[in-house]
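Read through the structure below, which is laid out as structure tokens, and then see the notes.
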Amino acid sequence: PPREEAIEAVQTCGLAGIRVKMITGDHGATAGAIARQLKLVNVDEVLTGQELELMSEDELRQKVSDVDVYARVDPEHKLLLVRLLQEQDLIVAMTGDGVNDAPALKRADVGTAMGHNGTEAAKEASEMVLADDNFASIAHAVEEGRTVYDNLKKAILFILPTNGGEALIILAAILFGFHQLPLTPVQILWVNMITAVTLALALAFEPPEKNVMQRPPRDAHEPVLTTHLIWRVAFVSVILMIGTFGLFLWEMEQNIGIEHARTVAVNTLVMFEIFYLFNSRYITASVFNWEGLTGNRYVLIAIGILIIFQLGFTYLPALQSLFGTTAIDFNIWLRILLVSSSVLLLVELEKYFVRRIGRSK
């Protein structure tokens with residue numbers, strides 16, 4: 403009988419858009435009984451190796467997507483089934499433990515061998531080896547893989563607008579004919595170094611999103627930066643540029659000094675990134691819930707460390723001399739927080755419209 407966790411894993415795979423098929427050397431009646439216990443999608447039809455021999459390749463090609471149970475099959479049948487599924491633009495993962503599974507394991511997109519009972523030939527032919535010979539581990543690996551891919555996208559989605567905003571700030575200053583730039587090269591280096599070490603790194607520890615195993619597999623040919631994500635990068639870059647450059651112009655109008663205006667600009671940019679970090683925790687889902695705001699303690703730790711660094715950057719004489727900054731008062735911090743928090747609201751509003759459009763399709 404199948405393990406209880408295997409039955410649950412098959413259901414998890416179904417919700418994740420993964421169709422589980424059984425290919426076995428056992429008798430057809432045995433295979434059908436196990437398939438019913440596993441709750442495979444189609445348990446009413448069992449194709450045996452003898453029936454596969456009598457079918458043409460075209461006939462099998464039409465049935466291979468619908469039939470989930472194959473019994474009394476030979477190694478060449480396994481290889482044929484994998485190839486026919488791949489010809490329908492499906493990504494095929496194949497599990498096996500014997501020498502006779504090696505050709506199909508090698509042909510599959512993800513060959514998965516058994517670590518305990520698997521032969522050396524099966525392990526050599528595979529891309530992945532299960533250390534515990536447990537099918538449920540495959541479902542866990544899929545969840546982990548989707549989470550890692552999500553977190554990579556989130557980190558990219560966080561880092562690019564930072565650099566884009568900096569570039570637009572410098573570009574705007576040049577276009578408006580400013581002889582003194584809002585950010586000096588050493589200040590840009592500070593922002594990039596300190597935010598990459600703290601904020602961007604925190605996104606690597608993002609836990610799996612609740613729906614990570616309830617959504618269909620992504621298109622294997624889809625680029626990491628989709629049209630929507632490119633729009634998000636441009637949208638956030640413009641917000642950062644307008645807010646930072648706007649406050650820089652405001653401070654310059656007060657005739658307090660270029661060091662003061664630059665200090666405000668750098669702190670505004672960094673505070674923009676802190677607020678945008680919360681947006682980046684979910685690509686399309688809303689962050690306005692308890693889990694979204696506090697669900698990753700590494701994000702809160704990173705923000706705390708960054709605030710300490712920024713206070714040192716602003717008030718420590720040694721860092722003031724090194725980076726050309728000066729002390730600013732409490733009222734200016736309130737102004738910075740008010741302006742920089744706009745990115746949190748604007749991006750969440752953009753997410754809301756993206757979700758509305760997605761539901762209407």
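Just so we're aligned, residue 403 is where the sequence shown starts under the numbering used here, counting upward by one.
Cβ coordinates follow ideal geometry from the N, Cα and C atoms, glycine included.
Assuming residue i contacts residue j under a Cβ cut-off of 8 Å, what Cβ separation, rounded to an integer in Å, is found between them?
i	j	result
Gly517	Glu529	In fact, because the Cβ distance is near 13 Å, the residues do not count as touching under 8 Å.
Glu447	Val469	5 Å
Thr665	Ile596	That pair is no contact at about 15 Å.
Val471	Leu454	Not confirmed; about 12 Å, so no contact.
Phe647	Ala574	5 Å
Ala435	Thr426	The pair is not a contact, with the Cβ atoms about 11 Å apart (cut-off 8 Å).
Val484	Arg463	Contact flag wrong, Cβ pair sits at about 13 Å.
Val745	Val638	6 Å
Ala598	Ala704	Actually they are not in contact, since the Cβ atoms of Ala598 and Ala704 sit about 11 Å apart, beyond 8 Å.
Phe715	Leu721	5 Å
Ala431	Thr450	At roughly 10 Å, the Cβ-Cβ gap does not stay under 8 Å, so Ala431 and Thr450 are not in contact.
Met424	Ala408	That pair is no contact at about 11 Å.
Taking Cβ positions, are residue i and residue j nearer each other than 8 Å?
i	j	result
Leu649	Arg737	yes
Ile561	Ala504	no
Thr521	Asp535	no
Leu585	Ile572	yes
Pro587	Tyr678	no
Leu642	Phe607	no
Gly697	Pro609	yes
Met615	Ala418	yes
Leu440	Pro404	yes
Gln589	Phe711	no
Leu507	Ala524	yes
Cys415	Ala541	yes
Val466	Leu486	yes
Val689	Glu750	yes
Val443	Arg421	yes
Leu793	Leu559	Given a span of 403 to 763 for the chain in the structure shown, any question on residue 793 remains unanswerable.
Gly645	Ser723	no
Using the Cβ count rule (16 or more neighbours within 10 Å means buried), how would you classify residue i?
i	result
Leu554	exposed
Met457	exposed
Ala538	buried
His429	exposed
Thr727	buried
Arg634	buried
Glu360	Residue 360 is absent from the structure shown; the chain starts at 403 and stops at 763.
Gly579	exposed
Leu481	buried
Lys612	exposed
Val550	exposed
Ile676	buried
Thr629	exposed
Ile734	buried
His581	exposed
Gly567	buried
Trp592	buried
Answer yes or no: does any C-beta atom of chain B fall closer than 8 Å to that of residue i?
i	result
Val448	In the structure shown, chain B cannot be found, because there is only a single protein chain.
For the region 675–691 against the region 654–667, do three or more pairs of beta-carbon atoms, one drawn from each stretch, fall closer than 8 Å, so that the two count as touching? No, the region 675–691 does not touch the region 654–667.
Whole beta strand (DSSP E) elements within the region 463–490, 3-residue minimum: Listed in chain order, they are 471–473.
May I have a chain-ordered list of the beta strand (DSSP E) segments no shorter than 3 residues that lie completely inside the region 505–581? Counting whole runs of 3 or more residues, the region 505–581 contains the beta strand (DSSP E) stretches 512–516 and 530–532.
Given 8 Å, three or more beta-carbon pairs between the region 666–677 and the region 619–635: Between the region 666–677 and the region 619–635 there are fewer than three inter-stretch CB-CB distances shorter than 8 Å, so the stretches are not counted as touching.
Unbroken stretches of the beta strand (DSSP E), 3 residues or longer, contained in the region 600–683: Counting whole runs of 3 or more residues, the region 600–683 contains no beta strand (DSSP E) stretch at all.
Note down, one range per segment and in chain order, each alpha helix (DSSP H) of at least 4 residues found wholly within the region 674–749. If we require 4 residues or more, the alpha helix (DSSP H) runs fully inside the region 674–749 come out as 692–696, 699–717, 719–725 and 732–742.
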